[in-house]
Amino acid sequence: MPQSRSSNVGAMLLLIASLAGLGVALYAYFTPLTGVTGSIGALVVILACIALAVMALMLATANGRGALIALRTLILLGLVGTCFAGLLLHQWWIGVAMVVGLVGLILDMVRHASTNRPAYS
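Just so we're on the same page, this note's numbering is the position in the sequence shown counted from 1, plus 1.
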């Protein structure tokens, strides 16, 4: 049981980062005087963070190698695009959240690389 809990650390970190980015984007979209109140760019970042959160949940449950590769590729593109959009909106905390999400993605990739190696003993 502890093995399965520790195996999803990367996906859970990605989920937390996506939700943090969503919170910052919602704040920027609805709060007056943020400079992006009601803008289409902030709305796109909100939708991208929701998509990243859904993909993080899918990553935690995915098993097939092809599915993992496709999902990780989409997540990486989503993280880079959302980070870039957040920086264009001058919402630096969105960029920070996406970098934390990238760390979670890397942790997930390292976890699968270490569990898929054959034992040479």
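For each residue, glycine too, the CB sits at the ideal point set by N, CA and C.
What did DSSP end up calling His91 once you bin it into helix, strand or coil? Reduced to three states, the DSSP call for His91 is coil.
Nearest to Ala21 by alpha carbon, out of Ala49, Asp109, Ala68 and Leu108? The option with the nearest alpha carbon to Ala21 is Ala49.
Report yes or no: do the region 37-46 and the region 98-105 share at least 3 C-beta pairs separated by less than 8 Å? no
Using DSSP with H/G/I as helix, E/B as strand and the rest coil, what is Gly22? helix
Using 8 Å as the cut-off, can you tell me whether the region 84-94 makes contact with the region 18-35, which would need three or more C-beta pairs spanning the two stretches below that distance? Taking one beta carbon from each stretch, the region 84-94 and the region 18-35 have 3 or more pairs nearer than 8 Å; the two touch.
Here's the rule I'm using: 16 or more other beta-carbon atoms within 10 Å means buried, otherwise exposed. How should Tyr30 be labelled? Here Tyr30 is buried: its Cβ has 16 or more other Cβ atoms, across all protein chains shown, within 10 Å.
So, is Ala71 buried or exposed, given that buried needs 16 or more other C-beta atoms within 10 angstroms? Flag for Ala71 reads exposed.
Residue from Leu69, Met56, Val55 and Val25 whose Cα sits closest to the Cα of Ala114: Leu69
Between the alpha carbons of Arg66 and Phe85, how many angstroms are there, rounded? Distance from the CA of Arg66 to the CA of Phe85, rounded to the nearest whole angstrom, comes to 29 Å.
To the nearest angstrom, how far is the alpha carbon of Met56 from that of Tyr28? 22 Å
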